[in-house]
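Numbering (this note's numbering), first residue to last: 23 to 425.
Every residue gets a Cβ at the ideal spot worked out from N, C-alpha and C, and that includes glycine.
Since the model is a prediction, treat every value here as computed from it, not as a measurement.
Inspection log for the structure reproduced underneath, given as structure tokens.
Laid out in structure tokens, this is it:
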């Protein structure tokens, strides 16, 4: 699934901008380390780093960031007043960005050496957006982190490249994504959506833009630390996807700029994705009915095999594919993949279906809240972020999401 690399760029690399979007109380423990990671990046065209953050309270870490701003000419530390979303932070950063292309990152990301040169090769080849491969860097911390590390390989090493290969388009995943500045200025991110990245991706497709996926363009991030944090994160993702599907499914499906192959991909991405959790729920009652009707289950029957593949085996099969294609630093941990395969077989696949079903019901009930995912740098101490562990941002009204 590794795509052919683009040719050597036809002109010298232009100046680029890295935008780091942060909700500072939540990420105060990691943000300085992240900024240093970006300042250490070597890019042949010159790199501007913009940290765009919002915070409801004054923090001591802001003084340290201001000192870094004074010390490094290529760094802009931008506090965004009244911001309540990542989208607002990114859009505000565009006002000071001077790069010909822009990389967007969450506040816990550390991109690989040479990331911007690699991204530029794709953009010079005609892409409007390049989505890289996000790898979990704290997988050693806990069983949960190991599970998420494998899941990210399922997403970024299998699902994203597979979609690009089968259907001819990629999606921007919110971080480690590189945009032509002109395209990002035109599209911008819309704060009312809980997954502003997916919503922007769909609008790029509707406009005839080209989004490519490069699994070799790596950035490393942190996994959620607790089951509650994971639940809240995935609930936001699932509800955001549902918002985008409801708002854009028919318009993008009917877009005259998309090929039949791409429309099939859109139907799968925005339609089947929302139906599958409910269909999977029906599989076990259907098996029970056949067992009751026939006086038992024939384990060799086509219906049993089909339903088993549909519900139970898909997760372990995806885990196997992820192990074959994973980033080497994750792939070497075979036990992680064995554990993830068992988790997918017994509970995790269905848990993700539950999250999707609950998210849809929350959206239909008008309950929309953005719960921030807590971040820390590990066990080294740092700023106390407990204030923000359960903080929420009021969600948009229906008419805002429909805009």
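1. Can you give me the start and stop residues for the alpha helix (DSSP H) that residue 214 sits inside?
2. Which residues mark the beginning and the end of the alpha helix (DSSP H) in which residue 174 is found?
3. Note down the Cα distance separating residue 212 from residue 218, rounded to an integer number of angstroms.
4. Hey, would you say residue 39 sits closer than 8 angstroms to residue 72, going by beta carbons?
5. Between the region 120-138 and the region 29-47, are three or more C-beta pairs nearer than 8 angstroms?
6. Quick check: the Cα distance between residue 128 and residue 160, rounded to an integer number of angstroms?
7. Check for me: the alpha helix (DSSP H) holding residue 389 runs from which residue to which?
8. To the nearest angstrom, report how far apart residue 51 and residue 397 are at their CA atoms.
9. Determine, using beta-carbon pairs with one atom in the region 257-267 and one in the region 368-381, whether at least three such pairs fall under 8 angstroms.
10. Quick check: the Cα distance between residue 315 and residue 308, rounded to an integer number of angstroms?
11. Are the beta-carbon atoms belonging to residue 132 and residue 241 less than 8 angstroms from one another?
12. Which of helix, strand or coil does DSSP assign to residue 241?
13. Cα-Cα, which of 304, 53, 245 and 301 is closest to residue 157?
14. For residue 116, which of helix, strand or coil comes out of DSSP?
15. From residue 402 to residue 350, what does the alpha carbon distance come to, in whole angstroms?
16. Going by DSSP, name the residue or residues bridged to residue 200.
17. Should the region 69-88 be called in touch with the region 161-180, which here means at least 3 C-beta pairs below 8 angstroms?
18. Does any CB atom of chain C fall closer than 8 angstroms to the CB of residue 366?
19. On the DSSP letters alone, give me the boundaries of the beta strand (DSSP E) that residue 76 sits inside.
20. Between which residues of its own chain and residue 418 is the CB-CB distance below 6 angstroms, once the five residues before and five after are set aside?
21. So what does residue 39 bridge to, in DSSP terms?
22. Between residue 151 and the rest of its own chain, which residues show a CB-CB distance below 8 angstroms, the 5 nearest in sequence each way excluded?
23. Nearest to residue 385 by alpha carbon, out of 42, 207, 267 and 116?
24. Taking all protein chains shown into account, decide if residue 117 is buried (16 or more other Cβ within 10 angstroms of its Cβ) or exposed.
25. Among all the DSSP beta bridges, which residues are the ones paired with residue 108?
26. Who pairs with residue 250 in a beta bridge, going by DSSP?
27. How close, in whole Å, do the beta carbons of residue 79 and residue 47 come, if the pair is a contact with beta carbons under 8 angstroms?
28. Using CA atoms only, rank isn't needed, just tell me which of 57, 75 and 109 is closest to residue 94.
29. Using the Cβ count rule (16 or more neighbours within 10 Å means buried), how would you classify residue 34?
30. Does DSSP classify residue 404 as helix, strand or coil?
31. Hey, how far is the Cα of residue 323 from the Cα of residue 173?
32. Would you kindly work out how many angstroms separate the C-alpha atoms of residue 284 and residue 317, rounded to a whole number?
Taking the coordinates as given:
1. Looking at the DSSP string, residue 214 is not in any alpha helix (DSSP H), and its letter there is neither H nor E.
2. 165-175
3. 6 angstroms
4. yes
5. yes
6. 16 angstroms
7. Run containing residue 389: none; DSSP gives neither H nor E here.
8. 7 angstroms
9. yes
10. 11 angstroms
11. yes
12. strand
13. 245
14. coil
15. For residue 402, the predicted structure reports a pLDDT of 36, less than 50, and the residue's modelled location is therefore unreliable. A value from the coordinates is still provided. One C-alpha to the other measures close to 27 angstroms.
16. 125 and 152
17. no
18. Structure shown: chain C not included; a single protein chain is present.
19. 69-76
20. The predicted model places residue 418 with a pLDDT of 40, which falls under 50 and marks its position as unreliable, so this point remains unresolved.
21. 70 and 124
22. 192, 194, 199, 200, 201, 202, 205, 223, 226, 231, 232, 233 and 234
23. 267
24. exposed
25. DSSP output for residue 108 lists no bridge partner at all.
26. BP columns for residue 250 are empty, so no partner.
27. 7 angstroms
28. 57
29. exposed
30. Interpretation of residue 404 is limited by its pLDDT of 36, a score under 50 that renders its predicted location unreliable; the figure taken from the coordinates is listed afterwards. Coil.
31. 31 angstroms
32. 45 angstroms
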